[in-house]
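Chemist: Protein chains in written order, with the numbering used here: chain S, 1 to 207; chain E, 1 to 312.
Virtual Cβ for every residue (Gly too), placed ideally from N, Cα, C.
Since the structure is predicted, the reported quantities are computational estimates derived from the model, not experimental observations.
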């Protein structure tokens, strides 16, 4: 089978789909969280497994260790989504949602639970918005901690991975007037890229 | 006989081994499967049509309502793991005798039910992960035990040299930063080789074990006590000036020498020599502190043993 790739039309279409989807995700998140979350213009890139860590470093601008929460999503287009921030930024990431029991000693929510909740909201909103544009309704798996002080190289462990090329969609978030940024990275491997090609072609032909 | 696919789904939902229920945006229950009935004791006809909180007022309302609302608004999944929140419902589990956990440990999934791209209801699934939590707890206990064995001296049960030095290093770092007092004592059983030669290694080992016990009994909780090797022991006394440390040194010497050891029908007289040193301005490292205590110990030996010497 030929090396998976996106032709120029497909790439433009995916970029447009991602732009639209992020607008939609931002609106939904703002309504839910009652504060405006600024979403960057998404970046789309095909990367080989050996370049994945470098691509992520370049996109996020992070050299230090990171905390990463991963989550699987599944339709015929399937993959994993990572929410990544600097290890020392977890508290700021959690501040994207308020602790519902901030003033209660009766009920409490641990920082880890908040972190999973935030990651799940960001992933859910963005990934389902993109796939929705492509006519897919994904199923998600529960969020899990990949690591709380890991290097970007440790995120991908070449040699044990089942893929060689992945489609990477990155978008980053900031709360209004905050310099803190968290990143959402959607990664899809070969088989899903082919399904993505088909979905994009269908979209293009329907225009 | 033909069975319609729809009715098959109903049968599966009814009998499947995890909890399935559906709620609307106002938290009213729309569906309640058999698992939920069996574990709550409440059949569907009592629960359906009423608010979930009617029968389960103990549920964390703010948290749960927010989960459900996020599913309605984003049209996407939400989750809850037993590792952060052990259970949602107070259900029993199938290990009431051997489990050692109070309620069924639960992983929950909140799933949007969509019609024409609108979320019409939320389906909640409850998985019983009690066995996973028990296995994990056992593993954590095993790791903690291994960790402890790694820190202990096999013969005497007190800290081994590696662990003692780690404690000493931490305390020395604290002292360098915050100042104050800290002292170290080194002691050594006198003529221990003779005890081994005369009575055998079994007796020698018993003597080491008993002496470690006696000394442990007179120490304060904040002191660290370790076997440094052979018949040599070390003590770390945080927040203790040298003069006070030497009072402890005398206590140790006395508790060792005052009563001879009765072992295997023979009486063995044991004495110890103790050297002490304290960190002071300019002490560059904890190794130097140990060396100074060792020099004091050497001096106590040279002066005739069964005595304590402080390095000045």
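1) Are residue 172/E and residue 289/E touching if we call contact CB-CB under 8 Å?
2) Tell me, which residues are paired with residue 229/E by DSSP?
3) Which term fits residue 14/S, buried or exposed, when burial requires 16 or more other beta carbons within 10 angstroms of its beta carbon?
4) Please name the residue in 303/E, 276/E and 113/E whose C-alpha comes closest to that of residue 30/E.
5) What do you reckon, are the CB atoms on residue 142/S and residue 107/E nearer than 8 Å?
6) For the stretch 75-92 of chain E, list every residue whose C-beta sits within 7 Å of some C-beta in chain S, in sequence order.
7) CA-CA distance, residue 90/E and residue 69/S?
8) Please list, in chain order, the chain S residues whose beta carbon lies closer than 9 Å to that of residue 133/E.
9) Under the three-state reduction of DSSP, which class applies to residue 109/E: helix, strand or coil?
10) For residue 265/S, tell me which candidate among 76/S, 17/S and 42/S has the shortest Cα-Cα distance.
11) With a threshold of 8 Å on Cβ separation, who are the neighbours of residue 131/S within its own chain once the five nearest residues in sequence on each side are excluded?
12) Looking at the C-beta of residue 9/E, does it have a partner C-beta in chain S at a distance below 8 Å?
13) Using 8 Å as the cut-off, can you tell me whether the stretch 18-29 of chain E makes contact with the stretch 116-134 of chain E, which would need three or more C-beta pairs spanning the two stretches below that distance?
14) Is the shortest distance between the beta-carbon of residue 114/E and the beta-carbons of chain S less than 8 Å?
15) Please go through the same chain and pick out, in chain order, the residues whose beta-carbon is closer than 6 Å to the beta-carbon of residue 218/E, but skip the five residues on each side of it.
16) Taking residue 81/E as the reference, give the member of 48/E, 38/E, 58/E and 105/E with the closest Cα.
17) Between the Cα of residue 222/E and the Cα atoms of 235/E, 210/E and 214/E, which residue gives the shortest distance?
18) Cβ closer than 7 Å: which chain E residues qualify as neighbours of residue 124/S?
19) Roughly how many angstroms lie between the CA atoms of residue 54/E and residue 26/E, to the nearest whole one?
20) Inspect the beta-carbon positions of residue 173/S and residue 37/S and report whether they are closer than 8 Å.
21) Can you grab the Cα-Cα spacing for the pair residue 53/S / residue 154/S, in whole Å?
22) Counting only C-beta atoms, is residue 30/S closer than 8 Å to chain E at any point?
23) Taking the alpha carbon of residue 114/S as the point to measure from, which residue in 144/S, 129/S and 127/S has its own alpha carbon closest?
24) I need the straight-line Cα distance from residue 45/S to residue 27/S, nearest angstrom please.
25) Based on Cα-Cα distance, which residue from 22/S, 16/S, 5/S and 11/S lies nearest to residue 122/S?
26) Residue 19/S CB to nearest chain E CB: under 8 Å?
27) Of all Cβ atoms in chain E, is any one closer than 8 Å to the Cβ of residue 78/S?
28) If you measure between the beta carbons of residue 111/E and residue 77/E, is that distance less than 8 Å?
Modeler: Considering the structure as presented:
1) Position 172 of the second chain holds residue 172/E. Position 289 of the second chain holds residue 289/E. The Cβ atoms of residue 172/E and residue 289/E lie closer than 8 Å to each other.
2) What you label residue 229/E is simply residue 229 of the second chain in a count that begins at 1. Answer is 232/E.
3) As a working mapping, residue 14/S is identified with position 14 in the first chain. Buried, by the Cβ-count rule.
4) In the second chain, residue 30/E corresponds to position 30, counting from 1. Checked all of 303/E, 276/E and 113/E; the closest Cα to residue 30/E is 113/E.
5) Locating residue 142/S in the first chain gives position 142, counting from the first residue. Locating residue 107/E in the second chain gives position 107, counting from the first residue. A distance below 8 Å separates the beta carbons of residue 142/S and residue 107/E.
6) Across the stretch 75-92 of chain E, CB contacts with chain S closer than 7 Å involve 75, 76, 77, 78, 79, 81, 84 and 85, in sequence order along the chain.
7) Along the second chain, one-based indexing puts residue 90/E at 90. Along the first chain, one-based indexing puts residue 69/S at 69. If you take the alpha carbons of residue 90/E and residue 69/S, they lie about 29 Å apart.
8) Sequence index remark: in the second chain, residue 133/E carries index 133 (1-based). Per Cβ cutoff of 9 Å: no residues; residue 133/E is ~15 Å from chain S at best.
9) Looking up residue 109/E in the second chain gives position 109. Three-state result, residue 109/E: strand.
10) Summary: the structure shown does not reach residue 265/S, with chain S confined to residues 1 through 207, and so no result is reported for it.
11) Numbered from 1 along the first chain, position 131 holds the residue referred to as residue 131/S. Cβ within range, chain order: 73, 75, 77, 137 and 138.
12) What you label residue 9/E is simply residue 9 of the second chain in a count that begins at 1. False, the Cβ-Cβ gap to chain S never drops below 8 Å.
13) Cβ pair count under 8 Å is three or more, so yes.
14) By one-based count along the second chain, residue 114/E stands at place 114. For residue 114/E, the answer is yes, since a Cβ of chain S falls inside 8 Å of its Cβ.
15) The residue given as residue 218/E occupies position 218 in the second chain. Excluding positions up to five away in sequence, the list reads 251 and 255.
16) The residue you call residue 81/E lines up with position 81 of the second chain. That would be 105/E, whose Cα lies nearest to the Cα of residue 81/E.
17) Residue 222/E sits at position 222 when you count from the first residue of the second chain. Selection 235/E, 210/E and 214/E evaluated against residue 222/E yields 235/E as nearest (Cα-Cα).
18) Position 124 of the first chain, counted from the first residue, corresponds to residue 124/S. Here the neighbours are 74, 76 and 77.
19) Looking up residue 54/E in the second chain gives position 54. Looking up residue 26/E in the second chain gives position 26. The alpha-carbon of residue 54/E is positioned some 12 Å away from that of residue 26/E.
20) Counting from one through the first chain, the residue named residue 173/S turns up at place 173. Counting from one through the first chain, the residue named residue 37/S turns up at place 37. Yes. Within cutoff.
21) Taking the first chain and counting its residues from 1, the one referred to as residue 53/S is at position 53. Taking the first chain and counting its residues from 1, the one referred to as residue 154/S is at position 154. If I take the Cα positions, the gap works out to 8 Å.
22) Mapped onto the first chain, residue 30/S falls at position 30. Taking CB atoms only, residue 30/S has no neighbour in chain E less than 8 Å away.
23) As a first step, residue 114/S is located in the first chain; it is residue number 114 there, counting from the start. Nearest of 144/S, 129/S and 127/S to residue 114/S, Cα basis: 144/S.
24) On the first chain, residue 45/S is found 45 positions in, with the first residue counted as 1. On the first chain, residue 27/S is found 27 positions in, with the first residue counted as 1. Cα-Cα distance, rounded: 25 Å.
25) The count along the first chain starts at 1 and reaches residue 122/S at position 122. Measuring C-alpha to C-alpha distances from residue 122/S to each of 22/S, 16/S, 5/S and 11/S identifies 22/S as the nearest.
26) One-based indexing of the first chain puts residue 19/S at position 19. So no, residue 19/S is outside the interface.
27) Locating residue 78/S in the first chain gives position 78, counting from the first residue. Proximity of residue 78/S to chain E, defined by a Cβ-Cβ separation below 8 Å, is not satisfied.
28) On the second chain, position 111 is the one that residue 111/E refers to. On the second chain, position 77 is the one that residue 77/E refers to. Closer than 8 Å, so yes.
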